[in-house]
Amino acid sequence: MGIRGMLRAAALLLLIRTWLAESNGPSPTPKFHFELSSSTPEVILDLFNCKNCANEAVVQKILDRVLSTYDVRLRPNFGGAPVPVSVSIYVSSIEQISEINMDYTITMFLHQTWKDTRLAYYETNLNLTLDYRMHEKLWVPDCYFVNSKDAFVHDVTVENRVFQLHPDGTVRYGIRLTTTAACSLDLQKFPMDKQSCKLEVESYGYTVEDIVLSWEDDNAIHITDGLHIPQYTYLGRTITSKEVYFYTGSYMRLIVKFQVQREVRSYLVQVYWPTVLTTILSWISFWMNYDSSAARVTIGLTSILVLTTIDSHMRDKLPHISCIKAIDIYILVCLFFVFLSLLEYVYINYLFFSQVPRRNHRRCRKPRRVVARYRYQEVVVANVQDGLINVEDRVEDRAGPLPDSPMQAHLASQESLGSLVFTSEQAQLATSESLSLLSSASSQTQLATGESLSDLPSTSEQTVPECTIHFHGFLTNDSIIPIKIHSRSDACDDEDSEESLSSEESHGHGSSHTGRLKLQISQSA
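According to mature numbering (1 follows the signal peptide of the UniProt record, and there is no 0), the residues represented by the sequence shown are -21 to -1, 1 to 504, in order.
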């Protein structure tokens, strides 16, 4: 019998066996038992026994048999040892890590594996894959995420659930879901911080006496290739487990932590470079003129407003927490430098404008002294002129007429000037009443004529020490108008007198008929 004949016989026997398995009632045909020799190939034996094949009828028969006595309300091995449940997670994406809400959103495939001997079958060695409709017919662990805020199972196009049954009763249950889990962020080093967001899995109702959760292996957490987290860089993950205790009992909790690091490139463009340029812009006022107040104040206030706007924009993206962040210290330092630039301008203005009144006071003090001295000397001039009027008659008879110009005048002799000195010594000093009548006394003073002074003798060799009277005036056609008379005791103020005299000379040169007359009267001791 050749191999071809053996294959034909095996196919025929397979058809007969399938026909017998599909029949529900007692078979009228007799059952035949064939025993193949030991030399039959193993492939033919597996084909004959049908352990690696299954059709609709076989699967239906298995499900009907295992579910006929199955109670979905009871856990496997109820009343006995706890059921070990191994968990593994495949992370497909982490969409967002929110600093304001302190959470993150993750989409993953959650796989749970346990053994339920009530679901064991022997008809085939193949694993049976069942869809989401078996979720209501089979017992599943009541795992949940401890730190989850919101979660949902994807249902497009159908509910994303799957069951795999193994011949020994092992069940592998997979579900695709998206959850938003809480993540306590440490923002003290923001935006150059590293964060660790965790995901905790735990049984809701079954204690460790009923279910013992554990990670499937050391690589129970799988990450998709090219995982991209907005504004973050994925660093790695760590898995741990611990037993927690509550009033209802102790529970096993599985923890996975995702380590991420914030990317600083976006903050360099949005925060750091604008603040640096704004701070440097405020320093331009150091090179401006001190009196450019409008430009200095505008630059300083604009810099402060820009920094405040950037700080407000950053605060809108962050939660209201009490800790001080690194970005707060940075912006505060920038504001401090801008404030110092404004403070420097205020200090410079204070130093400059505080010295101006002092300089103006010193400038005005000298004219005030000159004016006060001039008013005092006008009174003295009035008294001296009274004496000159008396001397005029005496000199006129002795010396003859005065020359036409002051340059041709001869110095007075000792005898002729004795009465003048005597009269000047008897001149009454100015009082408050005489000062009040200064204007009227000046107008009523008789001016000295050129004829009255022409008879002065020329005795210039004799001088009078300790008393010198300087007489300044304009020479007109018939009279001399006095301007200032002062003594040698006023030598300390000679500079002020010369300045006033120079101004008067410039005024006198404007007229062709005016001149200056200076009379010095001295008397020896």
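A virtual CB, placed ideally from N, CA and C, is assigned to each residue, including glycine.
{"Check": "Through-space distance from GLY228 to PHE169, alpha-carbon basis", "Outcome": "40 Å"}
{"Check": "Residue of GLU323, VAL70 and ILE259 minimising C-alpha distance to THR203", "Outcome": "VAL70"}
{"Check": "Same chain only: Cβ atoms within 7 Å of ILE263, ignoring 5 sequence neighbours per side", "Outcome": "ILE278"}
{"Check": "PRO120 classed as buried or exposed, judged by whether at least 16 other C-beta atoms fall within 10 angstroms", "Outcome": "buried"}
{"Check": "Boundaries (first-last residue) of the alpha helix (DSSP H) holding LYS40", "Outcome": "35 to 47"}
{"Check": "Proximity below 8 Å, CB of ASP110 to CB of VAL141", "Outcome": "yes"}
{"Check": "Beta-carbon contacts of ILE(-6) that lie in its chain and below 6 Å, excluding the five residues immediately before and after", "Outcome": "none"}
{"Check": "Span of the beta strand (DSSP E), counted from its first residue to its last, around ALA60", "Outcome": "Taken as a continuous stretch (DSSP letters only), ALA60 belongs to no beta strand (DSSP E), as it is neither H nor E."}
{"Check": "Check whether ALA274 and GLN167 have beta carbons under 8 Å apart", "Outcome": "no"}
{"Check": "Cβ distance (whole Å) where ASN126 is taken to contact LYS177 below 8 Å", "Outcome": "7 Å"}
{"Check": "Selected residue, minimal CA-CA separation from ILE41, among ILE300, ALA99 and VAL243", "Outcome": "ALA99"}
{"Check": "Cβ distance (whole Å) where GLN91 is taken to contact TYR152 below 8 Å", "Outcome": "5 Å"}
{"Check": "Ranges of the alpha helix (DSSP H) found wholly within the segment 142 to 175, counting only runs of at least 4", "Outcome": "none"}
{"Check": "Cβ-based neighbour list, VAL223, same chain, cut-off 6 Å, excluding 5 preceding and 5 following", "Outcome": "TYR230 and ARG232"}
{"Check": "Contacting residues, own chain, Cβ-Cβ under 8 Å from LEU247 (five flanking each side not counted)", "Outcome": "none"}
{"Check": "Three-state secondary structure assigned by DSSP to GLY279", "Outcome": "helix"}
{"Check": "Where ARG241 falls, given that 16 or more other Cβ within 10 Å makes a residue buried", "Outcome": "buried"}
{"Check": "Span separating the alpha-carbon of LEU117 from that of ALA161", "Outcome": "31 Å"}
{"Check": "GLU357 - DSSP class collapsed to helix/strand/coil", "Outcome": "helix"}
{"Check": "Own chain, CB closer than 7 Å to ASN268, minus 5 neighbours either side, in chain order", "Outcome": "none"}
{"Check": "Bridge-paired residues (DSSP) for HIS201", "Outcome": "TYR69"}
{"Check": "Contacts around GLU195, its chain only, beta-carbon distance under 8 Å, and the 5 residues preceding and following it disregarded", "Outcome": "SER65, VAL66, SER67, HIS90 and THR92"}
{"Check": "ILE200 burial status per 10 Å Cβ neighbour count (16 or more: buried)", "Outcome": "buried"}
{"Check": "Span separating the alpha-carbon of GLN238 from that of ILE218", "Outcome": "11 Å"}
{"Check": "Ordered list of alpha helix (DSSP H) runs contained in the segment 232 to 273, each at least 4 residues", "Outcome": "252 to 261"}
{"Check": "Under the three-state DSSP convention, the category LEU117 falls into", "Outcome": "coil"}
{"Check": "Bridge-paired residues (DSSP) for CYS122", "Outcome": "SER182"}
{"Check": "Assigned secondary structure, TYR224 (DSSP; H/G/I helix, E/B strand, else coil)", "Outcome": "strand"}
{"Check": "Straight-line gap, ASP189 to THR48 (C-alpha atoms, nearest Å)", "Outcome": "21 Å"}
{"Check": "Rounded separation between SER282 and LEU330 - CA only", "Outcome": "25 Å"}
{"Check": "In DSSP terms, what LYS177 is bridged to", "Outcome": "LYS236"}
{"Check": "MET87: first and last residue of the uninterrupted beta strand (DSSP E) it sits in", "Outcome": "82 to 94"}
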